[in-house]
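The sequence shown begins at 1 in the working numbering and counts up by one.
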Amino acid sequence: MAATIKDIAAAAGVSRGTVDRVLHGRGDVSAAVRDRVLRLAEELNYRPNRAALGLAALKKPVRIGLLLPSEGNPFFDEVIRGARAAEESLSDFGAAVFLQSVRGYSTAEHLRAFASLEEQGAGGICAATVDVPEIRQAIGALSARGVPVIALNSELSPCGCLSYVGCDYRQTGRIAAGLLLLLGLQMPRLLIVTGSRHVRGHNERVAGFLERLREAGTPFETAAQVECEDDDAAARRLTLEALRENPGVSCVYVAGAGVGGVGQAVREAGLLGKIPILAFDDIPATRSLVRSGAVPATVCQQPFEQGYRAVKLMFQYLANQASPPARWIARPVIKIRENIDEKDGEA
1 MAATIKDIAA AAGVSRGTVD RVLHGRGDVS AAVRDRVLRL AEELNYRPNR AALGLAALKK
61 PVRIGLLLPS EGNPFFDEVI RGARAAEESL SDFGAAVFLQ SVRGYSTAEH LRAFASLEEQ
121 GAGGICAATV DVPEIRQAIG ALSARGVPVI ALNSELSPCG CLSYVGCDYR QTGRIAAGLL
181 LLLGLQMPRL LIVTGSRHVR GHNERVAGFL ERLREAGTPF ETAAQVECED DDAAARRLTL
241 EALRENPGVS CVYVAGAGVG GVGQAVREAG LLGKIPILAF DDIPATRSLV RSGAVPATVC
301 QQPFEQGYRA VKLMFQYLAN QASPPARWIA RPVIKIRENI DEKDGEA
């Protein structure tokens, strides 16, 4: 069993206070006493109490708020799991993560979630939120009150965020376009299904996708673009309507969530397996569509790693004043039928 400071003090014939000063490099202790204490600490297998050290270093426990539009959106399950893993790794230091989950992208709901997290005593907030003036103003006000915010999963326009942790949405959109080019469709007629025009990441994915097609000189047509608020039921309804109103659609590009609803609509329209669905992320609905061949490939973004890194960076800032990088970008991972069931590496 590891020794305690009391054991070392008894063996060295000095007070516990003297042992504490030696072990922590504080105060005036003679060289002979210091050497004796350090030798005994090693011989007796002394190990510092990690929890005590952590709590002593902090004036108060570090409380980190997590705001996610995770209700009805299975993508965020892995983000939450990553955040909880980070919380567990920091539990000895008094860190606690508490989640405020919302459905969709209502500005009012997100503002209420920010206010609730602050009321619960969040020292910092990691938030996947909408890029609108009201939210940016709220984040600026939080920062001014000493509550820093890390933009998680979707980047925001400049508003005083401490950092951004997520993927490069424009680049992943370009990758999706590259996959479409590999399919060799002639003059594709596109139906674009996005989550919300207020989510910067979704806009960047669409922009990157179209940008790459134009660069390639590929003639294409956007037959329709709809917003499903990352909701499967809405995605099904809007996709079915768009397919009926725009005959000849030859590819569906899903820039956000809702791929399960899109797949159902394409099936109901009698087009499943006849036109490709381009999608993102590794969730049950996408895996099923990849296995069936309806989705030829999905571009994933390490959601576990995002949740883990965001919490770790926020803790390090609050506890140690360690400034995070301006952007921490997740590595894109392309999955096809042959590797769709493989697990990504975790932090």
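We treat Cβ as the ideally placed atom computed from N, Cα and C, and that holds for glycine.
Here the structure is a predicted model, which means the values were calculated and not measured.
Hey, would you say residue i sits closer than 8 Å to residue j, going by beta carbons?
| i | j | result |
| --- | --- | --- |
| V254 | T172 | no |
| Q301 | C167 | yes |
| P296 | P276 | yes |
| I340 | R287 | yes |
| I150 | C161 | yes |
| V199 | V130 | yes |
| G104 | D231 | yes |
| M314 | I135 | no |
| L44 | Q100 | no |
| V147 | A122 | yes |
| Y46 | A3 | yes |
| A85 | Y308 | yes |
| L395 | C228 | Nothing can be reported for residue 395: it is not among the residues displayed for the chain, which extend from 1 to 347. |
| S116 | W328 | no |
| L349 | F114 | A query on residue 349 cannot be resolved here, the shown segment of the chain reaching from 1 to 347 and no further. |
| D223 | V249 | The sequence given here places Ala at residue 223; Asp does not occur at that position. Yes, the Cβ-Cβ distance between A223 and V249 is below 8 Å. |
| Q306 | A330 | yes |
| A242 | V226 | yes |
| V364 | P303 | Nothing about residue 364 can be read from this structure; the chain reaches only from 1 to 347. |
| G217 | Y169 | no |
| G178 | R212 | yes |
| E215 | L190 | no |
| A83 | V311 | yes |
| L354 | L210 | Residue 354 is absent from the model: the chain starts at 1 and stops at 347. |
| V14 | I5 | no |
| V62 | A108 | no |
For a test of the three-state rule: what should DSSP assign to residue i, helix, strand or coil?
| i | result |
| --- | --- |
| Y253 | strand |
| A297 | coil |
| Q306 | helix |
| L354 | Here the chain comprises residues numbered 1 to 347, so residue 354 is not present and cannot be evaluated. |
| A56 | Because the pLDDT at A56 is just 49, under 50, the model does not fix this residue reliably, and the point stays unresolved. |
| T4 | coil |
| R287 | helix |
| Y317 | helix |
| S163 | strand |
| R205 | helix |
| L90 | coil |
| V130 | coil |
| R103 | coil |
| L111 | helix |
| Y46 | coil |
| A242 | helix |
| K343 | coil |
| D231 | coil |
| L182 | helix |
Assign residue i to buried or exposed, taking buried as 16 or more other Cβ atoms, counted over all protein chains shown, within 10 Å of its Cβ.
| i | result |
| --- | --- |
| K60 | exposed |
| E119 | exposed |
| S196 | buried |
| Q186 | exposed |
| L183 | exposed |
| G270 | exposed |
| S292 | exposed |
| P325 | exposed |
| A56 | The pLDDT assigned to A56 is 49, lower than 50, so where the model puts this residue is not dependable; a value taken from the coordinates is nonetheless given after this. Exposed. |
| R174 | buried |
| N320 | exposed |
| R236 | buried |
| R205 | buried |
| I283 | buried |
| P188 | buried |
| P69 | buried |
| I336 | exposed |
Where DSSP assigns a beta bridge to residue i, which residues make up the other side?
| i | result |
| --- | --- |
| G65 | F98, I125 |
| E221 | R189 |
| T18 | Note: T18 sits in no beta bridge, so no partner. |
| A279 | T298 |
| V386 | Given that the chain is displayed from residue 1 to residue 347, the structure contains no residue 386 and the question cannot be resolved. |
| I150 | C126, S163 |
| K335 | T298 |
| R327 | Y164 |
Quick check on residue i - is its C-beta less than 8 Å from some C-beta in chain B?
| i | result |
| --- | --- |
| A326 | Note that chain B does not occur in the displayed structure, where there is just one protein chain. |
Next item on the list: Decide yes or no for the touch test of the stretch 145 to 156 against the stretch 252 to 272: beta carbon pairs closer than 8 Å, at least 3 of them.
Entry: Result no; under three Cβ-Cβ pairs closer than 8 Å.
Note to self: Below 8 Å, how does it come out for the stretch 28 to 37 and the stretch 63 to 77: are there three or more Cβ pairs, yes or no?
What the structure shows: no
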